[in-house]
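*Asks:*
In the numbering used here, the protein residues as written are 8 to 137.
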């Protein structure tokens, strides 16, 4: 009975070791994906803030700039942490959309079209989801 218990324990140890090796190798990828998801979530919150800021632009026009700044800051975080081509394309698209909104605001548009920002943020969330 004790010998069977030791063999079972040894077998579990071997299985655990075999499972741990790929898990350790993939851990960095999982951490990057998690960072991407968390940052994409923060960007989604910033996009919501941007929508509210545009709606309330007459009351406080600085909110739009602050929301755009928050999105750009989070985009920098994602760009620094990934080498995934789909994520990088989504980040580039979102940066371009944010830049277009910023330009529209600078040119006096009090209610710029932010649908490209929301679309690009949605795409980023999709490519970041594991």
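Ideal placement from N, C-alpha and C gives every residue a C-beta, glycine not left out.
Candidates 66, 67, 63, 102: which alpha carbon is nearest residue 75's?
*Replies:* Along the chain shown, read from residue 1 onward, the residue named residue 75 stands at position 68. Selected option, being the one with the closest Cα: 102.
*Asks:* Can you have a look at residue 41 and say buried or exposed, based on whether 16 or more other CB atoms are within 10 angstroms of its CB?
*Replies:* Residue 41 sits at position 34 when you count from the first residue of the chain shown. That one is exposed.
*Asks:* Count the other CB atoms, across all protein chains shown, that sit within 10 Å of the CB of residue 92; report buried if there are 16 or more and exposed otherwise.
*Replies:* Against the chain shown, residue 92 aligns to sequence position 85. Residue 92 should be labelled exposed.
*Asks:* So residue 64 packs on residue 117, CB below 8 angstroms; how close in whole Å?
*Replies:* The residue labelled residue 64 in the question sits at position 57 within the chain shown. The residue labelled residue 117 in the question sits at position 110 within the chain shown. Right, the Cβ-Cβ distance comes to about 5 angstroms (below 8 angstroms), so this counts as a contact.
*Asks:* In the DSSP assignment, find the alpha helix (DSSP H) that holds residue 4 and state where it starts and stops.
*Replies:* Nothing in the structure corresponds to residue 4, since the chain is present only between 8 and 137.
*Asks:* Hey, could you find the ends of the alpha helix (DSSP H) residue 111 is sitting in?
*Replies:* Position 104 of the chain shown holds residue 111. Note, residue 111: alpha helix (DSSP H), 92–113.
*Asks:* So what's residue 67 in DSSP terms, helix, strand or just coil?
*Replies:* Stepping through the chain shown from its first residue, residue 67 is reached at position 60. Three-state DSSP puts residue 67 in coil, outside helix and strand.
*Asks:* DSSP state of residue 132, grouped into three classes?
*Replies:* Translated into the one-based positions of the chain shown, residue 132 becomes position 125. Correct three-state label for residue 132: helix.
*Asks:* Does the beta carbon of residue 54 sit closer than 7 angstroms to a beta carbon anywhere in chain B?
*Replies:* This model lacks chain B altogether; it includes just one protein chain.
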